[in-house]
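> Below is a structure I'd like to ask you about.
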Amino acid sequence: MKDQVHHAAAAGYKTAADTYVRGRPDYPPQLADWLTGTLGLDADKAVVDLGAGTGKFTARLVATGAQVIAVEPVAQMLEKLSAAFPEVLAVNGTAMDLPLPDASVDVVVCAQAFHWFAGTEALTEIARVLKPGGKLGLVWNLRDTRVSWVPKLDAIVNALEGDTPRFYTGAWRRAFPHGAFGPLQEQQFSHGHTGSPEDVIFNRVRSTSFVAALPEVERGKVDEQIRALIAAEPDLRGKELLTVPYVTAAFVAVKNGHG
């Protein structure tokens with residue numbers, strides 16, 4: 050299983066689990082309607098939170114009343130999730146090797162995760178555990194680049210990504226079309242991540258897998274670049290509270306067949 054987890058995730062998320070909790074934005078309120086309406090989650094459904102991490106999205110799934118099964122390969126993250134959500138079945142696994150029977154769940158959701166394992170093999174495995182007519186939901190929070198300083202922050206981060214899979218490149222889309230699923234349908238929601246600069250900018254960047262995996266000296270240089278950006282931007286300079294603008298992209302694909 051180790052080989053199926055990208056080296057940046059394996060190294061970075063072990064050390065960054067705490068920073069991840071503090072630095073990652075929540076999801077917009079409109080997503081609750083998307084989960085119950087578009088994905089059809091309710092108390093009669095079972096949903097897999099695939100690549101669940103520390104459980105940032107798990108609370109949204111629990112709120113629908115559905116039975117939630119969290120699947121995550123990084124032990125340090127799974128421990129945090131289990132402590133936060135004792136009612137959730139938390140299991141070690143990957144998208145290529147789901148510890149679930151055939152046609153056993155109604156929905157699989159990947160929040161901030163699908164780009165790590167996007168491919169035919171993962172979609173085939175996801176389709177295996179979904180019931181006919183079951184749904185795959187893909188969710189990403191991304192900084193809204195329509196706000197002037199956001200592309201400058203993204204440029205600092207993107208310069209370090211190396212071979213790490215990312216949502217924004219669009220490479221994950223090459224997994225589709227896939228014979229087991231109908232077409233992808235997308236909705237977008239706007240929201241903001243408000244908090245101290247330390248959390249909403251510094252800890253958000255530090256929680257990025259390939260930044261967290263850097264040697265300490267290199268991580269310090271990233272902090273310096275961010276400090277310089279904040280000092281140069283009137284909208285950021287001297288602020289104790291900031292709102293980083295986000296767009297949430299939500300996709301659904303339906304497994305072929307009928308339940």
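Under this note's numbering, the sequence shown has 150 at position 101, and the numbering climbs by one with no breaks.
From the three backbone atoms N, C-alpha and C, an ideal C-beta is built for every residue, glycine too.
So is LEU127 buried or exposed if we call it buried at 16+ other beta carbons inside 10 Å?
buried
> Comparing C-alpha positions only, which one of GLY231, THR243, LEU179 sits nearest to ASP155?
Closest by alpha carbon: LEU179.
> Below 8 angstroms on the Cβ atoms is my contact criterion, and I expect ALA176 with LYS304 to pass it. Report the Cβ-Cβ distance as a whole number of Å.
6 angstroms
> What do you get for THR113, buried or exposed, if any count of 16 or more other CB atoms within 10 angstroms of its CB means buried?
buried
> If we count the other Cβ atoms within 10 Å of its Cβ and call it buried at 16 or more, is GLN116 buried or exposed?
Around the beta-carbon of GLN116, 16 or more other beta-carbon atoms lie within 10 Å, marking it buried.
> Is the separation between the beta-carbon of VAL120 and that of VAL96 shorter than 8 angstroms?
Cβ atoms of VAL120 and VAL96: not closer than 8 angstroms.
> Taking the straight line between their C-alpha atoms, what separation do you get for ALA101 and ASP75?
14 angstroms
> Which residues in the same chain have their Cβ closer than 8 angstroms to the Cβ of LEU147, if we skip the five residues on either side of it in sequence?
VAL97, LEU99, VAL120, GLU174, ILE175, ARG177, VAL178
> Could you give the distance in angstroms between the alpha-carbon of ARG222 and the alpha-carbon of ALA167?
8 angstroms
> So, at 6 angstroms on beta carbons, what are the nonlocal neighbours of PHE300 in its own chain, with the 5 sequence-adjacent residues on each side left out?
For PHE300, where only same-chain residues beyond five positions count, the Cβ hits under 6 angstroms are LEU187, LEU233, GLU235.
> Can you tell me whether PRO200 is buried or exposed, with buried defined as 16 or more other CB within 10 angstroms of its CB?
exposed
> Under the three-state reduction of DSSP, which class applies to ASP248: helix, strand or coil?
In the three-state DSSP reduction, ASP248 falls in the helix class (H, G or I).
> Name the residue from HIS240, LEU88, LEU263, HIS227 whose alpha carbon lies nearest to the alpha carbon of PRO294.
HIS240
> Does DSSP classify GLY186 as helix, strand or coil?
strand
> Could you give the first and the last residue of the continuous alpha helix (DSSP H) run that contains ALA167?
Careful: ALA167 lies outside any alpha helix (DSSP H) and carries neither H nor E.
> Here's a check: name, in chain order, each residue in its chain whose Cβ is nearer than 6 angstroms to the Cβ of GLY308, leaving out the five neighbours to either side.
Confidence is the limiting factor: at GLY308 the pLDDT is only 49, short of 50, which leaves the residue's position unreliable and the question unanswerable from this model.
> Express the C-alpha separation of ILE279 and TYR69 in angstroms, rounding to a whole number.
With a pLDDT of 48 at TYR69, under the threshold of 50, the predicted position of this residue should be treated as unreliable, though the coordinate-derived value follows. C-alpha separation (whole angstroms): 21 angstroms.
> Name the one or two DSSP bridge partners that LEU99 has.
VAL120
> If we ignore side chains and look at the alpha-carbon of each, how far apart do ARG195 and VAL296 end up?
Roughly 10 angstroms separates the two Cα atoms.
> Can you tell me which of the three DSSP states LYS1 falls into?
This structure does not reach residue 1, given that the chain is present from 50 up to 308, and the question cannot be answered.
> List the whole-angstrom C-beta distance separating LEU202 from GLY244, where the pair is believed to meet the contact cut-off of C-beta under 8 angstroms.
Beta-carbon to beta-carbon, LEU202 and GLY244 are separated by about 15 angstroms, too far to satisfy the 8 angstroms threshold.
> Taking the DSSP output, what are the residues bridged to ARG287?
Residue identity differs from the one stated: residue 287 is Gly in this sequence, not Arg. Paired residues: none, contrary to the question.
> Using C-beta distances below 6 angstroms, list every residue in its chain close to GLN237, excluding the 5 sequence neighbours before and after it, in chain order.
VAL296, ALA298
> Which residue wins for smallest C-alpha separation from THR218, given the options ALA171, GLU136, HIS164?
HIS164
> Using a Cβ-Cβ cut-off of 8 angstroms (strictly less than) and excluding sequence neighbours within five positions of ASP193, which residues of its own chain qualify?
Closer than 8 angstroms at the Cβ level, and outside the excluded window around ASP193, lie VAL199, SER239, PRO294, TYR295, VAL296.
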